[in-house]
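*Asks:*
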Amino acid sequence: MIHWSLTKKCRVRFAIIVLFIFINGTEFFANDCIQSHGAIIRGDTTMQKLALVFTGGNYNDGGRHIARTLQKYKVRAGFFFTGDFYRDTSNFSLINGLIADGHYLGPHSDQHLLYCSWTDRDSLLVTRQEFEMDLAENYQEMEKFGIKQEDARYFIPPYEWYNRKIVQWANDIGITLFNFTPGTYSNADYTTPEMENYRSSQNIFNSIISYEEKSSCGLNGFILLIHIGSAPERKDKFYLYLDKLISKLKTRGYEFIRIDKLLQNCE
Numbered sequence: 028m029i030h031w032s033l034t035k036k037c038r039v040r041f042a043i044i045v046l047f048i049f050i051n052g053t054e055f056f057a058n059d060c061i062q063s064h065g066a067i068i069r070g071d072t073t074m075q076k077l078a079l080v081f082t083g084g085n086y087n088d089g090g091r092h093i094a095r096t097l098q099k100y101k102v103r104a105g106f107f108f109t110g111d112f113y114r115d116t117s118n119f120s121l122i123n124g125l126i127a128d129g130h131y132l133g134p135h136s137d138q139h140l141l142y143c144s145w146t147d148r149d150s151l152l153v154t155r156q157e158f159e160m161d162l163a164e165n166y167q168e169m170e171k172f173g174i175k176q177e178d179a180r181y182f183i184p185p186y187e188w189y190n191r192k193i194v195q196w197a198n199d200i201g202i203t204l205f206n207f208t209p210g211t212y213s214n215a216d217y218t219t220p221e222m223e224n225y226r227s228s229q230n231i232f233n234s235i236i237s238y239e240e241k242s243s244c245g246l247n248g249f250i251l252l253i254h255i256g257s258a259p260e261r262k263d264k265f266y267l268y269l270d271k272l273i274s275k276l277k278t279r280g281y282e283f284i285r286i287d288k289l290l291q292n293c294e
């Protein structure tokens, strides 16, 4: 249960950010959730609940370890895979196991397309037809595992990069685009040592805990993104810290809920 003092601090923070929103126009709140560029990026910030999401495309090396760790703590997470990941026969056993364990499985773009420019977010790099066709092919692969589009309408974009137009296109075909909550650098677990933005797994873990301790709302409503695998060049795998992370946050009173449950409260 959230103490009123924490809830009050969160609401004060809401007022400050709402003023920023009025000026900047890039984010807003709905039902105590946070949206950015039209997509939900954080659930109810007044409740001590968060969701784990895992994305996958080229690599699956953490799959078994992640599945076992989630089973250990009885945590249900969200897994969002590309069409190529779903059609790779070496992933079939893992995917079926995740379904059997009650996790949420969704799309992540069939070919992991880059939708818009990194430097000019409003500049689209795909047409609506390309976007819809790519997503449809992603769902076709999911259907082979018995996952129907109407049961997997939540979608995290490739590269976790999108704009309002992409959100609208998704909405028009009954799909809800969402993104991870920024601030903890958990999504940097894909980086390799030669990259300028490389972060070690210990650094990422420390960053998550530090954010939780310093933020007035902690990790309330957080969508914490981790990759299901990373390039061989990254020997320091963050998913090996998952056990310690879940254990620590549970001792601090957090409840892990499935991503669809978190997002449903924001619509």
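Be aware that the sequence shown starts at 28, since it is given in the numbering used here, and climbs by one per residue. Built from N, CA and C at the ideal position, the CB exists for glycine as well. Here the structure is a predicted model, which means the values were calculated and not measured.
1. Can you give the beta carbon distance from S144 to S150, rounded, assuming they're within the 8 Å contact cut?
2. Can you give me the C-alpha to C-alpha distance between N51 and A127, rounded to a whole angstrom?
3. Considering G124, what are the terminal residues of the beta strand (DSSP E) in which it resides?
4. Is it buried or exposed, S75, if we count other Cβ atoms within 10 angstroms and call 16 or more buried?
5. What would DSSP say about V194, mapped onto helix, strand or coil?
6. Based on the DSSP secondary-structure assignment, which residues constitute the bridge partners of L132?
7. With distances taken between CB atoms, is the gap from L77 to Y281 smaller than 8 Å?
8. Assuming S219 contacts Y212 (C-beta within less than 8 Å), just tell me the rounded distance between them.
9. Could you give the distance in angstroms between the alpha-carbon of F283 and the alpha-carbon of D161?
10. Using a Cβ-Cβ cutoff of less than 6 Å, which residues in the same chain neighbour D263 once the five nearest sequence positions on both sides are dropped?
11. For L246, I'd like the list of residues in its chain whose CB is within less than 6 Å of its CB, leaving aside the five on either flank, ordered along the chain.
12. Which partner residues of E282 appear in the DSSP bridge assignment?
13. Measuring straight from C-alpha to C-alpha, what distance separates D216 and D111?
*Replies:* Concretely, from the data shown:
1. To locate residue 144, count along the sequence shown from 1; it is residue 117. To locate residue 150, count along the sequence shown from 1; it is residue 123. Cβ-Cβ separation between S144 and S150: approximately 4 Å, consistent with a contact (criterion under 8 Å).
2. The residue given as residue 51 occupies position 24 in the sequence shown. The residue given as residue 127 occupies position 100 in the sequence shown. With a pLDDT of only 46 at N51, under the threshold of 50, the placement of this residue in the model should not be trusted, and no figure is reported.
3. Position 97 of the sequence shown, counting from 1, holds the residue named residue 124. Counting along the chain, G124 falls outside any beta strand (DSSP E), though it belongs to the alpha helix (DSSP H) covering F119 to A127.
4. The residue labelled residue 75 in the question sits at position 48 within the sequence shown. Note on residue identity: the sequence assigns Gln, not Ser, to residue 75. The residue is buried, with at least 16 neighbouring Cβ atoms inside 10 Å.
5. Within the sequence shown, numbered from 1, the residue matching residue 194 stands at position 167. Three-state result, V194: helix.
6. Counting from 1 along the sequence shown, the entry for residue 132 is found at position 105. According to DSSP, L132 bridges with F106.
7. The residue you call residue 77 lines up with position 50 of the sequence shown. The residue you call residue 281 lines up with position 254 of the sequence shown. Contact flag set, yes.
8. Locating residue 219 in the sequence shown gives position 192, counting from the first residue. Locating residue 212 in the sequence shown gives position 185, counting from the first residue. In the sequence as presented, Ser is not what sits at residue 219; that position holds Thr. A Cβ-Cβ separation of about 15 Å leaves T219 out of contact with Y212 under the 8 Å criterion.
9. Against the sequence shown, residue 283 aligns to sequence position 256. Against the sequence shown, residue 161 aligns to sequence position 134. Answer to the nearest angstrom: the Cα atoms are 31 Å apart.
10. As a position in the sequence shown, residue 263 is number 236, starting the count at 1. S227 and S228, listed in sequence order.
11. Numbered from 1 along the sequence shown, position 219 holds the residue referred to as residue 246. Excluding positions up to five away in sequence, the list reads L77 and E239.
12. As a first step, residue 282 is located in the sequence shown; it is residue number 255 there, counting from the start. Answer is K76, bridged to E282.
13. Translated into the one-based positions of the sequence shown, residue 216 becomes position 189. Translated into the one-based positions of the sequence shown, residue 111 becomes position 84. Distance between the alpha carbons of D216 and D111: 21 Å.
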